[in-house]
Structure formats: structure tokens, C-alpha cells
Amino acid sequence: MVDIGMRLIWCVLLMAALPHSMGFYFIFDMEKLFSLFRKNGAEQIPLPELECPDHRLDPAIRSIFHRFHNDLRRKVAKGEYLSNGSKLGPVSNMYELAYDCVMEEMAESLDDNSFNGLKEMGINFSEIKNPWEKKMHEVIEEILQSWTETSFLRQMVHFATTRVGCSYYIVPDKYNLHVVCIYDSKPNEGDALVVQGAACSHNNNCTWISPSECADGLCFPSSQNHSEYKQIINSTSP
């Protein structure tokens, strides 16, 4: 443990002495070192269809991002979600979010100067100071939950959003954690939070994208890989 601590101190001193541009390249080694100080593994089992080849994000963390969004959207669609003590929903034409590896890659490299280049996309963003006392999956889950208590909820349940990609990175000169999710569309100013209506129960209830299908209150395009829902159903069947 002493050896690990010395390695960590050495890397911190080295990064502090490097120019900002060079320090960036040591970010991933820093994350590996920090990971030695917290238990490995997330409570959620990663889904095979969420693999993003050659990406650094832990598949279990990717699954947490994906499942949290769709669990939230499903609850809103069915009218089972409470926001500030009031029931939100039910909602018609609520689509399941597909996970997008390209958006994940964009989220990994996004900084304050990049936001303006994504005007047509939605962005949820948080900065966390000194996150190393908890497991990474706990940090991510807490951040996602905190978004539901802010204006970020609008983006998470926007009915016209169909794709999401998320990641996190460490700011080299501050060692703060940035968590970013990028969405393929965003609500317009003045739009209602949700469009009231019954959650889908049949494929013909899903009309935003044609052709679409319905599964457990959420719509999804017929062309979209939808093994997540099938896997959950199979795993809970007797």
C-alpha cells in the first residue's frame, strides 16, 4: 500500500510540473491509480449490446448511464415518477434511448470551449470535487439522481430524444471529475416538460418514428437492437 501511495504522489507531482497540454495525456494513468483505492466492479451487470470497442469507459458504468435514463423514462411514461411531490406523466410516445458510442467519445473530450459546437444536441454536465472517497458507480448514480432534481430532468425525459452517450474525465490541473451526457436532441425553450397521454401498450401507439414497437411502456424503432428489455424479462422469469 505504501508503494501505491508513493506512485500516486509521484504522478501528482509530475503532472503538476508538466504543461497543461502534456498533463492531459497522463489522465488515464491517474484514473488507474485512483481505482486502486476503491473496490472494483459495479452492481449492474454490463449489457453485451452496449459494448463500444476500443473505448476506455467501463462497460458496467456505461450500463448504469443507459439503464438509469430508460428506467426514469419508463416511470415517467407510466405516470409512476414523482417530481417535487407531484406525479409526472403518464406520457405517450415516450421512446427508449439507444446508446451511442460516438456520443460517448464526444463526451470524453468535451470541455467548456466545445459546448457551443453542439448547439443542436442536448448536454447534461456536472463537476465533482474530490470524488475518490466512493466507488465510481456510486458517484455516477448520485450524479444522475441529482440531475432529476434540476432542470436537467427536462433533457432526460424529452420525448423526442432517442439517443444518448455519456462518459467522465478528470481535469488534469484540478483533479476534479467531469461527468457528461450528450443527447441527439434537446427541448425547445417553452416546451412542456412532457406530453400527457397514456403510455404505449401496443405498437400502433408509437408514432414518433415509423415503424416502431412498444415494450413495457416505452417505444423504440423497429430497426433498433432491443435486447435490453428481452434480457431483463428473461432474467426475471421463473
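As numbered in full-length UniProt numbering, residues 1 to 238 make up the sequence shown, in order.
The beta carbon of each residue, even a glycine, is placed where N, CA and C say it ideally should be.
It should be emphasised that the depicted structure is a prediction, and the values quoted were computed from it without experimental measurement.
Exposure of residue 54 is indicated by the presence of fewer than 16 other C-beta atoms within 10 angstroms of its C-beta.
In the structure shown, residue 212 adopts extended strand secondary structure according to DSSP, grouped into three states. Between residue 159 and residue 182, the alpha-carbon positions lie close to 15 Å from each other.
Among the bridge pairs identified by DSSP, residue 143 is matched with none. Distance between residue 101 and residue 89, taken at the CA atoms: about 30 Å.
Taking 8 Å as the cut-off, the beta carbon of residue 127 is found no closer than this to the beta carbon of residue 167. If you look at residue 126, you'll find it in the beta strand (DSSP E) that goes 122–128.
Excluding residues up to 5 positions away in sequence, 167 and 169 lie with their Cβ nearer than 7 Å to the Cβ of residue 108 in the same chain.
By the 16-neighbour rule on beta-carbons within 10 angstroms, residue 130 is exposed.
Within the same chain, and ignoring the five residues on either side of residue 149 in sequence, no residue has its Cβ closer than 7 Å to its Cβ. Looking at the DSSP output, residue 165 bridges to 182. When the Cα atoms are used, residue 119 and residue 82 turn out to be separated by approximately 30 Å.
At the C-beta level, residue 180 and residue 123 come within 8 Å of one another. Within the same chain, 187 and 193 come within 7 Å of residue 154 by CB-CB distance, once the 5 residues on both sides are set aside. Within its own chain, the residues whose Cβ lies closer than 6 Å to the Cβ of residue 62, once the five positions on either side in sequence are excluded, are 50, listed in chain order.
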